[in-house]
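Enquirer: The opening position of the sequence shown corresponds to residue 76 in my numbering, with each subsequent residue numbered one higher.
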Amino acid sequence: MTQTHVFDVIIVGGGGAGLMAALNASRGAKTAVLSKLYPTRSHTGAAQGGIGAALGNLEEDHWEWHAFDTVKGSDYLGDQDAIEFMCREAVQAVYDLEHFGLPFSRMPDGRIAQRPFGGHTNNLTKKPVRRSCYAADRTGHMILQTLYQQCIKNGITFYDEFQVLDLILSDGKAAGVVAVELATGELHVFHSKAVVLATGGHGRMWEITSNAYAYTGDGVAITLRNGIPAEDMEFFQFHPTGIYKLGILITEAVRGEGGILFNGKGERFMERYAPTIKDLASRDVISRAIYLEIKEGRGVDGKDYVYLDVRPETVNKYAELDGRTRPDGTPYRVTAEEILSKIPDITDFCRTYLGVDPVKDPMPIQPTAHYAMGGIPTNKFGEVVIDGQGTVLPGLYAAGECACVSVHGANRLGTNSLVDLVVFGKYAGIKAAEYANGADLPRLPADPAGGVRRQLDNLLNGSGREKAAQIGRELRKVMSDDVGVFRTEEGLQQAVEKVRELRERYKQVRVSDGGKIFNTELLNTWELGCLLDAALVTAVSALERKESRGAHAREDYPRRDDENWLKHTLAWLNEDGSVRLDYKPVVITQYAPKERVY
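#1: Whose C-beta lies closer than 7 Å to the C-beta of A277 among residues of the same chain, with five residues either side of it excluded?
#2: Among A508, A129, F337, which one has its Cα closest to the Cα of Y380?
#3: For V255 and V375, I'd like the C-alpha separation in whole angstroms.
#4: Keeping to the same chain, check which residues put their C-beta closer than 6 Å to that of G148; ignore five residues upstream and five downstream.
#5: Just the C-alpha distance for D144 and Q78, rounded to the nearest angstrom, thanks.
#6: Taking a contact to mean a Cβ-Cβ separation below 8 Å, would you say A215 touches Q312 in this structure?
#7: I'd like the ranges of any alpha helix (DSSP H) spanning at least 4 consecutive residues and lying wholly in the segment 283 to 358.
#8: Any idea what DSSP makes of Y510, helix, strand or coil?
#9: Going straight from the alpha carbon of P523 to that of D423, what length do you get?
#10: Which residues mark the beginning and the end of the beta strand (DSSP E) in which L471 is found?
#11: Roughly how many whole angstroms lie between the Cα atoms of A287 and R279?
#12: Assign I414 to buried or exposed, taking buried as 16 or more other Cβ atoms, counted over all protein chains shown, within 10 Å of its Cβ.
#13: Residue ranges of each beta strand (DSSP E) run of no fewer than 3 residues wholly in the segment 404 to 456, ordered along the chain?
#14: Hey, P481 and E306: beta-carbon distance below 8 Å or not?
#15: Can you tell me whether K552 is buried or exposed, with buried defined as 16 or more other CB within 10 angstroms of its CB?
#16: Just verifying my parser: in three-state terms, what is the DSSP assignment at F143?
#17: Identify, in the order they occur along the chain, each residue of the same chain with its Cβ nearer than 6 Å to the Cβ of S555, setting aside the five sequence neighbours on each side.
#18: Using CA coordinates, which residue listed in G539, T274, G457, N512 is at the minimum distance from E674?
#19: Can you list, in chain order, the residues of its chain whose CB lies under 6 Å from that of F175, leaving out five sequence neighbours each side?
#20: Near P708, what residues of its chain come up, given a Cβ to Cβ distance below 7 Å and the 5 sequence neighbours on each side ignored?
#21: Quick one: grab the DSSP three-state call for V381.
#22: With distance defined between alpha-carbon atoms, name the residue in R408, P191, P350, K320 nearest to A328.
#23: Tell whether a beta-carbon distance below 8 Å holds between A92 and F499.
#24: I'd like to know whether the C-beta atoms of T600 and A543 end up nearer to each other than 8 Å.
#25: Relative to the C-alpha of V252, which residue among R186, Y658, V87 is closest?
#26: Using DSSP with H/G/I as helix, E/B as strand and the rest coil, what is W281?
#27: Which whole runs of the alpha helix (DSSP H) in the segment 99 to 185 are 4 residues long or more, in chain order?
#28: Report the partner residues of W647 according to the DSSP bridge assignment.
#29: When burial is assigned at 16 or more other CB atoms within 10 Å of the CB, is R655 buried or exposed?
#30: Can you have a look at P178 and say buried or exposed, based on whether 16 or more other CB atoms are within 10 angstroms of its CB?
#31: If you run the structure through DSSP and keep just helix, strand and coil, what is G194?
#32: So for Y234, helix, strand or coil by DSSP?
#33: Just reading off the alpha helix (DSSP H) that D532 is part of, what are its end residues?
#34: Alpha carbon to alpha carbon, what distance is there between K201 and L112?
#35: With which residues is G251 paired in a DSSP beta bridge?
#36: Between E395, E159, T351, N391, which lies nearest to T410 when the distance is taken from Cα to Cα?
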């Protein structure tokens, strides 16, 4: 028999956005968090480099500069009202985290330390500015631990290892979710006035990715299946510096500390692509540069990687050539000990997985699928909107990587993922509690878990002619080959057809494990269905956008086309597997689109 639980606000996801939403919602409403992982294992913990905020602790900085860098980084597709809101709120968000007990790295006088990061500039001099607040290279981990402790202190109810499988809508409003308890295989209905989705991204549809195994696009797929569109799914960021073959991230902070990119000929190639800011250009620019260097035969030893060099002698040499100085005006010089103290986890990763010591050897890197700019459409308060006119679906909220506000537009600026989740997680929680306090508990449908039961029955009783693992391999290959750093009409059309074929074959999958207790095969297979749905919408949206902008680079349409494509994509997934597209305008307040110059 299905168990039913009643709360004012249900948070789906125990990462940074979910915990921030829960903490703020719990101050005014009875709140529960459902997470398919133990919360402190969420992917926010993998964020290394820092959280951007214009504190100005080391040099002049302003939130308006942060906002313009974010607009420019988004290739002018970000909504500027939301960007201004986020960058203004970022300063207080960092101080809030500090007051919660987050152990930021400090300057000698005790203030929060800050370092440069890709795309963050002094808007007057155009030189890099120190805006990233950090806790060594474990910033996301520290945010996650700090917020979880605060949630426990606040008495929030946690349902750990509960996989949410469906959203309950009633009379056009959110009414809760249906989840399976991993330990028992039993279905649970969580009846609520408000639901906040904070389920993370969908990077596992690519072969080389920095994303956690659990990043399977659950929130986006669930909302698509309930008639809610996804926004800007064609834009997926490839981080330039993933560990070769593994995709594990080497944080942008390595370049912030002075790391230099070299090709197989020993050339500092970013001077060709971003002559002013060089190795600290935005991620899409550097990823494309690395791809082109490799394509033109300048990879290391003819292979698909280049070097990232943070050896002290290299950093000091190029700091002198670039005229880089410390905040007090003295020349920028580092020692091996300083580098190791600032990137201890990266050092461990490189030693463990590559047999390379970053202070003695250059690190082999390649672009890795990293971050979803697109997702569930929301306004700046986290309220889910369901059309181009901004119509809000009452009681439903989204925050973090599964949401599209849109502050990242076509390309997310480094450090802004953590800004995004703390700012919009906060407001999603506040608004969800406010809504719940003014609303009655909506009625439940006659059999709220019926749809989920049918989904699982289909997976347990399919023909068995297809294997989920094989479909997953083919999905990752076609997405990497045809929906990667560079795209073409022919490749995208092939990808659309292939993903449609895989979705049909998925119907013939049968899960061999019929058990109830921790049936991870069943849940992994269900997650594959989410990836297939998200991949189809991604490929169709990319096929139709006939321009290059940010992370969406078309070889057949190499120029940005503001006249025809300065607009957001909205995509609906129909029951027959077709995708319907519509568009809505970008909000522009003060920054007219212009060519990005680095």
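Backbone N, C-alpha and C fix where the C-beta goes; we use that ideal spot for every residue, glycine too.
Expert: Looking at the atomic coordinates:
#1: Position 202 of the sequence shown, counted from the first residue, corresponds to residue 277. The sequence given here places His at residue 277; Ala does not occur at that position. Closer than 7 Å at Cβ, skipping near neighbours: Y290, T291, G292, V295, A447, L606, A609.
#2: The residue you call residue 380 lines up with position 305 of the sequence shown. Nearest to Y380 by alpha-carbon distance, out of A508, A129, F337, is F337.
#3: Taking the first residue of the sequence shown as 1, we reach residue 255 at position 180. Taking the first residue of the sequence shown as 1, we reach residue 375 at position 300. Straight-line Cα distance between these residues: approximately 47 Å.
#4: In the sequence shown, residue 148 corresponds to position 73, counting from 1. These residues qualify, in order along the chain: G194, S357, N486, L488.
#5: What you label residue 144 is simply residue 69 of the sequence shown in a count that begins at 1. What you label residue 78 is simply residue 3 of the sequence shown in a count that begins at 1. In a straight line, the C-alpha of D144 is about 49 Å away from that of Q78.
#6: If you number the sequence shown from 1, residue 215 lands on position 140. If you number the sequence shown from 1, residue 312 lands on position 237. The residue you asked about is not Ala; residue 215 is Gly in the sequence shown. Not in contact: G215 and Q312 (Cβ atoms no closer than 8 Å).
#7: 293 to 300, 328 to 331, 345 to 348
#8: As a first step, residue 510 is located in the sequence shown; it is residue number 435 there, counting from the start. DSSP places Y510 in helix when its eight states are reduced to three.
#9: The residue labelled residue 523 in the question sits at position 448 within the sequence shown. The residue labelled residue 423 in the question sits at position 348 within the sequence shown. Straight-line Cα distance between these residues: approximately 47 Å.
#10: Counted from its first residue, the sequence shown places residue 471 at position 396. Residues 467 to 473.
#11: Taking the first residue of the sequence shown as position 1, residue 287 is located at position 212. Taking the first residue of the sequence shown as position 1, residue 279 is located at position 204. The alpha-carbon atoms of A287 and R279 are separated by roughly 8 Å.
#12: Here the question's residue 414 lines up with position 339 in the sequence shown. I414 is buried by the Cβ-count criterion.
#13: 438 to 447
#14: Position 406 of the sequence shown, counted from the start, is the residue given in the question as residue 481. Position 231 of the sequence shown, counted from the start, is the residue given in the question as residue 306. One point to set straight first is that residue 481 is Ser, not Pro, in the sequence displayed. Cβ distance < 8 Å, so S481 and E306 count as in contact.
#15: Looking up residue 552 in the sequence shown gives position 477. Classification for K552: exposed.
#16: Locating residue 143 in the sequence shown gives position 68, counting from the first residue. Reduced to three states, the DSSP call for F143 is helix.
#17: In the sequence shown, residue 555 corresponds to position 480, counting from 1. Excluding residues within five positions, the ones whose Cβ falls inside 6 Å are W281, E282.
#18: With the chain covering 76 to 673 only, the question about residue 674 has no answer from this structure.
#19: On the sequence shown, residue 175 is found 100 positions in, with the first residue counted as 1. Closer than 6 Å at the Cβ level, and outside the excluded window around F175, lie T221, Q225.
#20: Not covered by the structure: residue 708. The range shown for the chain is 76 to 673.
#21: Translated into the one-based positions of the sequence shown, residue 381 becomes position 306. Strand, per DSSP.
#22: Taking the sequence shown and counting its residues from 1, the one referred to as residue 328 is at position 253. Nearest C-alpha to A328: P191.
#23: Walking along the sequence shown from the start, residue 92 turns up at place 17. Walking along the sequence shown from the start, residue 499 turns up at place 424. Cβ atoms of A92 and F499: closer than 8 Å.
#24: Stepping through the sequence shown from its first residue, residue 600 is reached at position 525. Stepping through the sequence shown from its first residue, residue 543 is reached at position 468. For T600 and A543, yes; Cβs fall inside 8 Å.
#25: Numbered from 1 along the sequence shown, position 177 holds the residue referred to as residue 252. Here the closest residue by C-alpha is V87.
#26: Residue numbering aside, residue 281 sits at position 206 when the sequence shown is read from its first letter. Coil at W281, not helix or strand.
#27: 138 to 148, 155 to 175
#28: Here residue 647 corresponds to residue number 572 of the sequence shown, with the count starting at 1. DSSP lists R655 as partners of W647.
#29: Along the sequence shown, read from residue 1 onward, the residue named residue 655 stands at position 580. So R655 counts as exposed.
#30: Here residue 178 is taken as the residue at index 103 of the sequence shown, counted from 1. It counts as exposed.
#31: To locate residue 194, count along the sequence shown from 1; it is residue 119. Reduced to three states, the DSSP call for G194 is strand.
#32: Taking the first residue of the sequence shown as position 1, residue 234 is located at position 159. Strand.
#33: In the sequence shown, counting from the first residue as 1, residue 532 sits at position 457. Segment 525 to 535, the alpha helix (DSSP H) holding D532.
#34: As a position in the sequence shown, residue 112 is number 37, starting the count at 1. As a position in the sequence shown, residue 201 is number 126, starting the count at 1. Going from the Cα of L112 to the Cα of K201 covers about 42 Å.
#35: Position 176 of the sequence shown, counted from the first residue, corresponds to residue 251. Paired residue(s): I243, H266.
#36: As a working mapping, residue 410 is identified with position 335 in the sequence shown. Nearest C-alpha to T410: N391.
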